[in-house]
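See structure below.
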Amino acid sequence: MGGGGGGGGDELRYEISQKAYIKLVLHALKHNTGAVNGILLGKVNSKNDAVIIEIADSVPLFHSHLGLLPQLEISLLVMIEEHYRAQGLEIVGYFHANQRLDDITLGSVANNIADHIYRYFPQAAVLLLDNNKLQALLKDNNTGPVVQLYTRDAPGKWKPVGSDGNIKSLLKEASANIVLLDYISSEKYQDLVDFDDHLDDISKDWTNPELFK
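According to this note's numbering, the sequence shown is numbered sequentially starting from -11.
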């Protein structure tokens, strides 16, 4: 996996594309009785005094037996990155949604996979689904993201990123939640394929090329 260059600016900014964001939330909604996880793909850019991690796409991984097959997951990471390298993308982070709706903590599975990605990409992001924010979106059409960004600090702990400090996160497209709500109302999440689905039936395409058509 790549090393993630990008300059030495003072500010570190994470921009989450609509495509990556919607895939992750739909994955969690499709399997809303259990935990799910996925991989974030993107690239590093510099602008003025900021280093920007552009999260351009995501790959839904599993909805069952998360963390029971770490060697399989590591080999999958290599395969995924090789597939997306032609698009100029590398693995830049990890997504997780917990089984319990009130659980907004990063557990051992999320920490272990995120730590592995961090070894290859030190600016790695972890996005954790916040079910309270998702419910607020469904109820009030809230415009904020329904995921919480975590980054790894110097002592090696994954910490949630707030609005203060030198690390920022935002949805790249302001319309992301509007499109997401449309996809939810039309139950588009039923069409989403993750790696679990692909392993059960290899005719199912884990890259989800038809999802946004």
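The C-beta atom is built at its ideal place from N, Cα and C for all residues, glycine as well.
Given the structure is predicted, the values throughout are model-derived calculations rather than measurements.
- [ ] Using beta-carbon positions only, say whether T93 and A113 come within less than 8 Å of one another.
- [x] Within the sequence shown, residue 93 is the residue found at index 105, counting from 1. Within the sequence shown, residue 113 is the residue found at index 125, counting from 1. Their beta carbons are not under 8 Å apart, which means T93 does not touch A113 by this criterion.
Task: the segment -2 to 16 in contact with the segment 168 to 177 per 3-pair CB rule at 8 Å - done: yes
Open item on the list: Going by DSSP in three states, H186 sits in which element: helix, strand or coil?
Closed with: Walking along the sequence shown from the start, residue 186 turns up at place 198. Here H186 sits in helix by DSSP.
Task: Helix, strand or coil at H84 according to DSSP, with G and I counted as helix - done: Looking up residue 84 in the sequence shown gives position 96. If DSSP states are grouped into helix, strand and coil, H84 belongs with the strands.
Task: Buried versus exposed call for A23 [16 or more other C-beta atoms within 10 Å across all chains shown] - done: What you label residue 23 is simply residue 35 of the sequence shown in a count that begins at 1. The residue is buried, with at least 16 neighbouring Cβ atoms inside 10 Å.
Open item on the list: Could you tell me the alpha carbon to alpha carbon distance between A44 and A74, rounded to whole angstroms?
Closed with: The residue you call residue 44 lines up with position 56 of the sequence shown. The residue you call residue 74 lines up with position 86 of the sequence shown. Between A44 and A74, the C-alpha separation is close to 14 Å.
Task: Rounded separation between G(-7) and G81 - CA only - done: Position 5 of the sequence shown, counting from 1, holds the residue named residue -7. Position 93 of the sequence shown, counting from 1, holds the residue named residue 81. Caution applies to G(-7), whose pLDDT of 46 falls short of 50 and renders its modelled position unreliable; the value that the coordinates give is listed next. Cα to Cα, G(-7) sits roughly 15 Å from G81.
TODO: Within the segment 62 to 108, note down every full alpha helix (DSSP H) run reaching 4 residues or more, in order along the chain.
DONE: 96 to 108
Task: CB contact check: K18 to chain B, cutoff 8 Å - done: Given the protein chain composition of this structure (a single chain), no chain B is represented.
Task: Contacts around F183, its chain only, beta-carbon distance under 8 Å, and the 5 residues preceding and following it disregarded - done: Here residue 183 refers to the residue found at position 195 when the sequence shown is read from its first residue. For F183, where only same-chain residues beyond five positions count, the Cβ hits under 8 Å are V47, P48, L49, F50, L64, W194.
Open item on the list: Going by DSSP, what residue range makes up the beta strand (DSSP E) through V32?
Closed with: As a working mapping, residue 32 is identified with position 44 in the sequence shown. Counting along the chain, the beta strand (DSSP E) containing V32 begins and ends at 24 to 35.
- [ ] Measure the beta-carbon distance from I79 to I68 and round it to whole angstroms, keeping in mind my assumption that it falls under 8 Å.
- [x] Stepping through the sequence shown from its first residue, residue 79 is reached at position 91. Stepping through the sequence shown from its first residue, residue 68 is reached at position 80. Their Cβ separation, rounded to whole angstroms, is 7 Å, which keeps I79 and I68 in contact under 8 Å.
Task: Bridge partners - D45, DSSP secondary structure assignment - done: In the sequence shown, the residue the question calls residue 45 occupies position 57. D45 is bridged to L29.
- [ ] Using alpha carbons as the reference points, say which of E161, D118, K192, L180 lies closest to H84.
- [x] Within the sequence shown, residue 84 is the residue found at index 96, counting from 1. Comparing Cα-Cα distances from H84 to each of E161, D118, K192, L180, the minimum goes to D118.
Task: Alpha-carbon to alpha-carbon, S5 and N33 - done: To locate residue 33, count along the sequence shown from 1; it is residue 45. To locate residue 5, count along the sequence shown from 1; it is residue 17. Distance between the alpha carbons of N33 and S5: 14 Å.
Task: Under 8 Å between C-beta atoms of Y177 and L17 - done: For the purposes of this step, residue 177 is taken as the residue at position 189 of the sequence shown. For the purposes of this step, residue 17 is taken as the residue at position 29 of the sequence shown. A contact, by the Cβ cut-off of 8 Å.
Open item on the list: Which same chain residues end up closer than 7 Å to H104 when comparing Cβ atoms and leaving out the 5 residues on each side of it in sequence?
Closed with: Working through the sequence shown from its first residue, we reach residue 104 at position 116. These residues qualify, in order along the chain: I62.
Open item on the list: I need the straight-line Cα distance from D(-2) to N36, nearest angstrom please.
Closed with: Here the question's residue -2 lines up with position 10 in the sequence shown. Here the question's residue 36 lines up with position 48 in the sequence shown. The alpha-carbon atoms of D(-2) and N36 are separated by roughly 10 Å.
TODO: Pick out whichever of L159, L199, F200 has its Cα sitting closest to the Cα of E3.
DONE: On the sequence shown, position 15 is the one that residue 3 refers to. Looking at the Cα atoms, L159 is the closest of the given residues.
Task: Proximity below 8 Å, CB of K121 to CB of G132 - done: The residue you call residue 121 lines up with position 133 of the sequence shown. The residue you call residue 132 lines up with position 144 of the sequence shown. Going by C-beta atoms, K121 is nearer than 8 Å to G132.
Open item on the list: Considering only the alpha carbon of each residue, which of N25, Y9, E198 lies closest to I101?
Closed with: Counted from its first residue, the sequence shown places residue 101 at position 113. The shortest C-alpha separation from I101 is found at N25.
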